[in-house]
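Data block below; observations after.
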């Protein structure tokens, strides 16, 4: 009998699949016009008006040091209360795949022991892996 740990939203960055707990996600939107913010950190790509709220758009490729070519087309918007920020935050992603249920036996600890933003690695049936990231740790 499996122990369910919840649902995750899978998304693509470059050639890898990542996921976040669906509890953090408020919505998924297409990329609209971003306004660059002078002197912002390199991972902040700009801000956008999302339903009357200024939302900071972050590039997780920069945050995680991903070196492969990425082509973002969607933004995952997070619940600011759960990621513990005073601002609305969204991540640029290449593609949103699906919401899936994860079970405890499919999760391995992250090989990056000092990296709090990586919750673990999920084994897929086909032999691949999904990297489970914690947006709360990224933005804390």
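In the numbering used here, the protein residues as written are -19 to 120.
Ideal Cβ placement from N, Cα and C applies to all residues, glycine included.
Asked: Burial state of residue 17, where buried means 16 or more other Cβ atoms lie within 10 Å; Found: exposed
Asked: Whole-angstrom distance between residue 3 and residue 34, CA atom to CA atom; Found: 21 Å
Asked: Sequence-distant residues of its chain with Cβ nearer than 7 Å to residue 117 (five each side left out); Found: 96 and 97
Asked: When 55, 83 and 102 are compared against residue 11, the one with the closest alpha-carbon; Found: 55
Asked: Test: residue -11 CB closer than 7 Å to a CB of chain B; Found: You won't find chain B in this structure, because it holds only one protein chain.
Asked: Helix, strand or coil at residue 42 [DSSP, three-state]; Found: helix
Asked: Integer-rounded CB distance, given that residue -14 should sit under 8 Å from residue 73; Found: Rounded, the Cβ-Cβ distance is 20 Å, inconsistent with contact.
Asked: Inter-stretch contact (C-beta, 8 Å, three-pair minimum) for the region 42 to 49 and the region -14 to -1; Found: yes
Asked: Straight-line gap, residue 29 to residue 21 (C-alpha atoms, nearest Å); Found: 19 Å
Asked: Cβ-based neighbour list, residue 113, same chain, cut-off 8 Å, excluding 5 preceding and 5 following; Found: -2, -1, 0, 40, 44, 97, 98 and 99
Asked: Exposure of residue 37, with buried meaning 16 or more beta-carbon neighbours within 10 Å; Found: buried
Asked: Straight-line gap, residue 32 to residue 107 (C-alpha atoms, nearest Å); Found: 43 Å
Asked: Residue interval of the beta strand (DSSP E) (run including residue 68); Found: 68 to 73
Asked: Residue 111 beta carbon near the ligand SAH (any heavy atom closer than 6 Å); Found: The model depicted lacks the ligand SAH and carries no ligand whatsoever.
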